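Visitor:
Numbering (the working numbering), first residue to last: 1366 to 1505.
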């Protein structure tokens, strides 16, 4: 089973069941027989970014769905320790990434992920040689 780091937009699409992106995500997450093809990896940074809008808008039901996702076994959290911050510093210096983007990418690399699920194509160059970028624009 592949380990896939879900950045915040991937988690938001999944939890909100975004009709534009959800079919492509589901086809990449599950095989024809319904078996899981990926282990979803996140971080507390993803949790923070995902919860902002529901909190801001007072959407308690949606916030509860995000909280349930992050508490469930399906979301394996990477600890953002010194190794992640050191890697993020290198990525930011080499590729000019914003700090949150560098932290997401570094967390995925340090966690040994195979893939990085996002629709932010700006991260592709920085991920090269470390992770495969997976987007949800169309089915494979």
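Beta carbons: idealized from backbone N, C-alpha and C, even for Gly.
The model shown is predicted, which means the values in this text are computed figures rather than measured ones.
Would you kindly work out how many angstroms separate the C-alpha atoms of residue 1486 and residue 1460, rounded to a whole number?
Guide: Here the question's residue 1486 lines up with position 121 in the chain shown. Here the question's residue 1460 lines up with position 95 in the chain shown. Those two C-alpha atoms are separated by around 13 Å.
Visitor: Output the boundary residues of the alpha helix (DSSP H) element that contains residue 1422.
Guide: Counted from its first residue, the chain shown places residue 1422 at position 57. Element bounds for residue 1422: 1409-1422.
Visitor: With a Cβ-Cβ cutoff of 9 Å, do residue 1409 and residue 1445 count as a contact?
Guide: One-based indexing of the chain shown puts residue 1409 at position 44. One-based indexing of the chain shown puts residue 1445 at position 80. Cβ atoms of residue 1409 and residue 1445: closer than 9 Å.
Visitor: What's the call for residue 1480, buried or exposed, on a 16-neighbour Cβ count within 10 Å?
Guide: In the chain shown, counting from the first residue as 1, residue 1480 sits at position 115. When all chains shown are included, residue 1480 counts as buried.
Visitor: So residue 1389 and residue 1501 are supposed to be a Cβ contact under 8 Å. How far apart are they, rounded?
Guide: Here residue 1389 refers to the residue found at position 24 when the chain shown is read from its first residue. Here residue 1501 refers to the residue found at position 136 when the chain shown is read from its first residue. With 8 Å as the limit, residue 1389 and residue 1501 qualify as a contact, their Cβ atoms being about 4 Å apart.
Visitor: Count the other CB atoms, across all protein chains shown, that sit within 10 Å of the CB of residue 1421; report buried if there are 16 or more and exposed otherwise.
Guide: Residue numbering aside, residue 1421 sits at position 56 when the chain shown is read from its first letter. Counting Cβ neighbours within 10 Å, residue 1421 comes out exposed, since fewer than 16 surround it.
Visitor: Tell me whether residue 1371 sits in a helix, a strand or coil according to DSSP, three-state version.
Guide: For this step, residue 1371 is matched to residue 6 along the chain shown. In the structure shown, residue 1371 sits in a strand (DSSP, three-state: E or B).
Visitor: On the CB-based measure, 16 or more other CB atoms within 10 Å of its CB, does residue 1417 come out buried or exposed?
Guide: Sequence index remark: in the chain shown, residue 1417 carries index 52 (1-based). By the 10 Å Cβ count, residue 1417 comes out exposed.
Visitor: Of the residues 1441, 1442, 1412 and 1443, which one's Cα is nearest the Cα of residue 1429?
Guide: Walking along the chain shown from the start, residue 1429 turns up at place 64. It is 1412 whose Cα lies nearest to the Cα of residue 1429.
Visitor: Residue 1462 to residue 1427, Cα distance in whole Å?
Guide: Residue mapping note: residue 1462 aligns to position 97 of the chain shown, counting from 1. Residue mapping note: residue 1427 aligns to position 62 of the chain shown, counting from 1. Taking the straight line from one Cα to the other gives about 30 Å.
Visitor: Determine the direct distance from the alpha carbon of residue 1494 to that of residue 1431, and round the result to whole angstroms.
Guide: As a working note, residue 1431 is residue 66 in the chain shown. As a working note, residue 1494 is residue 129 in the chain shown. Going by the C-alpha atoms only, they are around 31 Å apart.
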